[in-house]
Amino acid sequence: MSVELDPDAALMLRVKQGDSDAFAELVEKYKQPVMNVVYRMLRDATEAEDVAQNVFVQVHRAAHRYQASSRFVTWLFTIARNLCLNEIRRRNRHPADSMDAPHPEQEDAPWHQYEDKAAFTAPEHLLHGELEEKIDQAVAELPENQRLAILLCRQNELSYEEIAKVLGCSLSATKSLIHRGREVLKEKLKPYLRTGTWRGAK
Amino acid sequence: MLNDPLYKQLLEQSWQRKLTETEESRLRGLLESHPEAQTHWDIEAALSEALGQLPPAPVSSNFTALVLQRLERESQTRSRRRGKEWQFWRKLSWFPTTALAALVLGVGLLTYTETRIVHRQALLKSVEAVSRVASLPSPRILEDYNAIQALSTAPAADEQLLALLQ
Chain A
200 MSVELDPDAA LMLRVKQGDS DAFAELVEKY KQPVMNVVYR MLRDATEAED VAQNVFVQVH
260 RAAHRYQASS RFVTWLFTIA RNLCLNEIRR RNRHPADSMD APHPEQEDAP WHQYEDKAAF
320 TAPEHLLHGE LEEKIDQAVA ELPENQRLAI LLCRQNELSY EEIAKVLGCS LSATKSLIHR
380 GREVLKEKLK PYLRTGTWRG AK
Chain B
150 MLNDPLYKQL LEQSWQRKLT ETEESRLRGL LESHPEAQTH WDIEAALSEA LGQLPPAPVS
210 SNFTALVLQR LERESQTRSR RRGKEWQFWR KLSWFPTTAL AALVLGVGLL TYTETRIVHR
270 QALLKSVEAV SRVASLPSPR ILEDYNAIQA LSTAPAADEQ LLALLQ
């Protein structure tokens, strides 16, 4: 895609030249999509925010390597995916109780409650909606690659080819991952989806 | 699930986004001719809607500022580290000169020692050669050397006079 067609690539070229305003613009634009993916991959708000910030730091650090021929968003989500997988691997190597993870006797409690952060009202909203909680939980229980494929699929910016690029697998494998993930979700959420409770809840 | 390429295509589109008007009408036509696929489609559509209803992840209001701060901190750390490295090398600036001087001194010392060893070996050889001459005749045999040498230089005999005398 040419630089004229992709405004993000144009911004990245400015970042390459040391323009911090262009970088701030990119962060502002993509912080929510990146956090949506990272948060649902890691299931820990503090770690998710730390990793999401690190994604942008990595973008800035690797700006000189960015090729305008590839779409910025693909590159961005590839970095996000790598950092998420690193974090998951690190957790597996050093399993420790997360400050945000629910205690066994508090399974139904919200994962985190923070003050002074306006955006952190979303999990509270999640607490009040049983259906939202159910689907959130069902997504969280998916295997990592299926979860990531489904989350990326919900990002309007990415085509299936681009999702395949981010996941580092073929187009058919990507569609298969999404299909299998959705089958699992349908199975888990069958009662809600069949009765139409979800639609009624809105 | 309906095994129709168009159905599959529309299904895949619906996983990502809402179908357009045209796509919706194509889907309606397809479902009219295959009513058995209606239930499958409804569940798929309900799941897509449910996924779409997931609340956005919490993002702190100062996220961008925190990222920029982190970059700033990183750049400061990098320049501090570079400064420390520079100081370290500056502290070691005497080292190359001293090393060169030590090298020159070392080479000089080595050359001097080598030369001395060679000289001593040559001297040793001379002494050895002289010591082998111990079996030569005594100098006393050269006592009449000058007289004998003088004999060899005496004038030749007057052969004409000798002939007349005979």
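If you read the protein sequences in the order shown, they are chains A and B.
Counting in our numbering, the first sequence runs from 200 upward without gaps.
Counting in our numbering, the second sequence runs from 150 upward without gaps.
Ideal placement from N, C-alpha and C gives every residue a C-beta, glycine not left out.
Do A/Met234 and A/Ala251 have their C-beta atoms within less than 7 Å of each other? With a cutoff of 7 Å on beta-carbon distance, A/Met234 and A/Ala251 are scored as near each other.
List, in chain order, every chain B residue whose beta-carbon is nearer than 8 Å to that of A/Val256. By Cβ distance, chain B contributes Val216, Arg219, Leu220 and Glu223.
Look at the Cβ atom of A/Val272, then the Cβ atom of A/Glu356, and state whether they are nearer than 7 Å. For A/Val272 and A/Glu356, yes; Cβs fall inside 7 Å.
To be precise: take each residue of the region 340-355 of chain A, compare its Cβ to all Cβ atoms of chain B, and keep it if any distance is under 8 Å. Which residues remain? Taking 8 Å as the Cβ-Cβ cut-off against chain B, the residues of the region 340-355 of chain A that qualify are Ile349, Cys352, Arg353 and Asn355.
State buried or exposed for A/His259, treating a residue as buried only when at least 16 other CB atoms are found within 10 Å of its CB. Within a 10 Å sphere around the beta-carbon of A/His259 sit 16 or more other beta-carbons, which makes this residue buried.
When you compare only the Cα positions, how much space is there between A/Ile377 and A/Arg280? Taking the Cα positions, A/Ile377 is about 16 Å away from A/Arg280.
Could you tell me if A/Asp207 is buried or exposed, where buried requires 16 or more neighbouring beta carbons within 10 angstroms of its beta carbon? A/Asp207 counts as buried, since no fewer than 16 other beta carbons sit within 10 angstroms of its beta carbon.
Please check if any C-beta of chain A sits within less than 7 Å of the C-beta of B/Leu259. No - not a single Cβ of chain A is within 7 Å of the one on B/Leu259.
Residue environment, B/Ser209, which counts as buried when at least 16 other CB atoms sit within 10 Å: With 16 or more other Cβ atoms inside 10 Å of its own Cβ, B/Ser209 counts as buried.
Mapping DSSP to helix, strand and coil, what is A/Met211? Three-state DSSP puts A/Met211 in a helix.
Answer with buried or exposed for A/Arg289, where buried requires no fewer than 16 other C-beta atoms within 10 angstroms of its C-beta. Exposed, since its Cβ has fewer than 16 Cβ neighbours within 10 Å.
Report yes or no: is there a C-beta of chain B within less than 7 Å of the C-beta of A/Ala321? Interpretation of A/Ala321 is limited by its pLDDT of 48, a score under 50 that renders its predicted location unreliable; the figure taken from the coordinates is listed afterwards. With respect to chain B, the C-beta atom of A/Ala321 has a partner C-beta closer than 7 Å.
Of the listed residues B/Pro286, B/Phe212 and B/Arg230, nearest to A/Lys402 (C-alpha basis): For chain A, the structure presents residues 200 to 401; residue 402 of chain A sits outside this window and is missing.
For B/Asp293, does the count of other Cβ atoms within 10 angstroms reach 16, so buried, or fall short, so exposed? B/Asp293 comes out exposed.
Taking the straight line between their C-alpha atoms, what separation do you get for B/Val253 and A/Ile287? B/Val253 and A/Ile287: Cα-Cα distance of roughly 59 Å.
Inter-stretch contact at 8 Å, needing at least 3 Cβ pairs: the region 368-387 of chain A / the region 166-177 of chain B: No: the two stretches stay apart, fewer than three of their Cβ pairs being nearer than 8 Å.
Buried or exposed: where does A/Pro232 fall if 16 or more other Cβ atoms within 10 Å of its Cβ makes it buried? Only buried fits A/Pro232, as 16 or more other CB atoms lie within 10 angstroms of its CB.
Starting from B/Asn211, follow the alpha helix (DSSP H) in both directions and report where the run begins and ends. Neither: B/Asn211 is in no alpha helix (DSSP H) and is coded neither H nor E.
Cβ-based contacts, 8 Å cut-off: residues of the region 164-177 of chain B near chain A: Answer set for the region 164-177 of chain B: Trp164, Gln165 and Arg166.
What residue ranges within the region 241-293 of chain A form continuous beta strand (DSSP E) runs of no fewer than 3 residues, ordered along the chain? Listed in chain order, there is nothing to give.
Can you list, in chain order, the residues of its chain with a C-beta nearer than 7 Å to that of A/Ala337? Leave out the 5 residues immediately preceding and following it. Cβ neighbours of A/Ala337 beyond the five flanking positions: Leu384, Lys387 and Leu388.
Taking the alpha carbon of A/Arg270 as the reference point, which residue from A/Ile362, A/Glu332, A/Leu350 and A/Ser371 has its own alpha carbon closest? Taking A/Arg270 as reference, the option from A/Ile362, A/Glu332, A/Leu350 and A/Ser371 with the minimal CA-CA separation is A/Ile362.
Coarse secondary structure for B/Pro184, derived from DSSP in three states: When secondary structure is reduced to three states using DSSP, B/Pro184 falls in the helix class.
Kindly list, in the order they appear in chain B, the residues whose Cβ is closer than 7 Å to that of A/Asn285. Identification of chain B residues near A/Asn285 by a Cβ-Cβ cut-off of 7 Å yields none; the smallest Cβ-Cβ distance measures about 17 Å.
Neighbouring residues, chain B, relative to A/Asp335 (Cβ below 7 Å): Correct list: Leu203.
Relative to the C-alpha of B/Gln162, which candidate in B/Ala194, B/Met150, B/Leu179 and B/Asn152 has its C-alpha closest? When the alpha-carbon of B/Gln162 is set against those of B/Ala194, B/Met150, B/Leu179 and B/Asn152, the nearest one is in B/Ala194.
My guess is that A/Ala247 and B/Ala206 are in contact by the Cβ rule of under 8 Å, so how many angstroms apart are they, rounded? Yes, they are in contact, since the Cβ atoms of A/Ala247 and B/Ala206 sit about 7 Å apart, within 8 Å.
With distances taken from CA atoms, which of A/Leu366, A/Asp205, A/Ile334 and A/Arg353 is nearest A/Ile278? Restricting attention to A/Leu366, A/Asp205, A/Ile334 and A/Arg353, the CA atom closest to the CA of A/Ile278 is found in A/Leu366.
In angstroms, rounded to a whole number, what distance separates the CA positions of B/Tyr156 and A/Ser371? Roughly 17 Å between the two C-alpha positions.
Can you give me the C-alpha to C-alpha distance between B/Ala299 and B/Ala305, rounded to a whole angstrom? The alpha-carbon atoms of B/Ala299 and B/Ala305 are separated by roughly 13 Å.
Please compile the residues from chain B whose C-beta is within a distance smaller than 8 Å of the C-beta of A/Lys374. Within chain B, the residues whose beta carbon sits less than 8 Å from that of A/Lys374 are Glu161, listed in sequence order.
Where A/Met234 meets chain B, residues with beta-carbon distance less than 9 Å: By Cβ distance, chain B contributes Pro205, Ala206, Pro207, Val208 and Phe212.
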